[in-house]
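Data block below; observations after.
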Amino acid sequence: MWTSSSGRALALVALVSLLAGAAASTRWDGRAVDAETSAQGQPGVGAPASETATGEAVGAEPGLALPYPGSNCVGTVSIMGQADEQEARDEANVQLAVQVQRETSQEAREDAATTVQKVHEAVLAIEGLQQRDLTQNFVNVYPHYESVRVRGENNYKQVIAGYVVHNSFTVKVKDVDTADGNAVLSKVVDAALTAGGDDVRVNHVGFGLSRGRRRSVEGRVRALAAKDARRKARAYAEELDTTVGRVLKISEWMPGDTGPAPRMDVAPKMAMARAGGPEMAMADEAFVDTPLAGGGEETVAANVFVVFELCEADE
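Below, the structure is given as structure tokens:
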């Protein structure tokens with residue numbers, strides 16, 4: 053015998069089933085769709101980008117927003133916006149190295165340490181430079197071998213003829229795109245070679261954009277690239293008798309520097325190291341600073357890929 057509570061439970065189950073069936077046959081915008089037609093292959097709710105029996109778009113490309121109810125947008129247009137600027141390189145990195153060879157490793161280490169200290173002090177004495185502008189690269193200590201002929205034989209063997217210490221560090225010089233900054237750059241090279249003599253090497257001088265200037269330029273070219281994308285989209289839309297709608301997707305590509313940064317190799321021995329030694333050369337009125345050209349310009353570019361809606365033009 054069915055109780056009244058059992059009857060109420062069955063009635064509730066039937067009501068839930070009825071509501072679920074109604075929900076399954078209702079589109080997202082509230083209009084009814086024939087569930088049987090969808091089952092026969094006609095697209096319904098959640099179908100890939102296609103059309104219903106009435107010809108209206110239901111799906112959308114993954115990652116793109118669906119047209120909102122009442123929208124007159126009929127498609128999309130994908131555009132690549134581009135922009136670039138030339139900017140003067142304002143930062144230089146001078147890679148210096150002290151290389152000392154002595155009979156024992158202790159002698160090599162001690163003499164190298166003394167020379168490095170002299171070079172550091174000479175560089176930091178230049179106005180505008182601080183300790184944070186010096187960066188240690190590496191320190192190597194290794195034996196130096198020479199080939200010696202074996203007595204009574206036509207053979208050679210490798211023997212240790214001494215030890216070498218190689219200490220490399222970099223000096224950063226800012227604002228080298230100005231006369232004052234470029235003068236500091238020349239002083240760094242001269243001071244290092246004067247303080248260290250023949251034990252100092254200037255491996256190279258490289259130029260680039262400082263972090264602050266690069267960020268500033270990148271911000272400008274991004275804005276220009278976005279404007280370029282919208283300008284192109286409007287041009288296409290005008291020719292197709294449509295208008296540009298919402299932005300649906302943005303992807304950015306920032307290419308690297310399109311031009312090589314100048315690299316200067318400086319000879320380890322300077323003409324100023326005359327017979328009187330570096331100290332006499334510095335006191336000589338005929339001494340001339342090492343001239344260094346500027347770092348030139350760098351191209352900073354931005355490319356932005358934008359997907360816009362294309363909407364029907366207003367009558």
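Numbering (the working numbering), first residue to last: 53 to 367. By construction, the Cβ of each residue, glycine as well, lies at the ideal position given by its N, Cα and C atoms. Computed from a prediction, not measured in an experiment: that's the story for all the values here.
- DSSP, reduced to helix, strand and coil, places N355 within a strand of the structure shown.
- Here F190 is exposed: its Cβ has fewer than 16 other Cβ atoms, across all protein chains shown, within 10 Å.
- DSSP places N124 in the coil class of the three-state scheme, outside both helix and strand.
- The Cβ neighbour count for G264, taken over all protein chains shown within 10 Å, is under 16; the residue is labelled exposed.
- If you look at Q188, you'll find it in the beta strand (DSSP E) that goes 186-201.
- Per the DSSP secondary-structure output, S220 pairs in a beta bridge with A149, F190.
- Between G260 and the set S220, V299, L362, A144, the nearest pair of CA atoms involves A144.
- Taking all protein chains shown into account, N206 has fewer than 16 neighbouring C-beta atoms within 10 Å of its C-beta and is therefore exposed.
- For A365, the secondary structure class from DSSP, reduced to helix, strand or coil, is coil.
- For the stretch 203-290, the full-length alpha helix (DSSP H) segments reaching 4 residues or more read 231-248 along the chain.
- By the Cβ neighbour-count rule, N234 is buried, with 16 or more other Cβ atoms within 10 Å of its own.
- Annotated three-state conformation of E155 is coil, per DSSP.
- Around the beta carbon of R203, a 10 Å sphere encloses fewer than 16 other beta carbons of the protein chains shown; the residue is thus reported as exposed.
- In the structure shown, R161 falls within a helical segment according to DSSP collapsed to helix, strand and coil.
- Beta-bridge pairing by DSSP links D136 to A353.
- Following the DSSP letters along the chain, one finds T294 inside the beta strand (DSSP E) bounded by residues 294-305.
- A144 is bridged by DSSP to V225, F259.
- Sequence-distant partners of V273 (beyond 5 residues in either direction) whose C-beta falls short of 7 Å from its own C-beta, in its chain, are A135, D136, E137, V352, A353, A354.
- Residue pairing by DSSP places I178 in no beta bridge whatsoever.
- A straight-line Cα-Cα distance of about 24 Å links T166 and I212.
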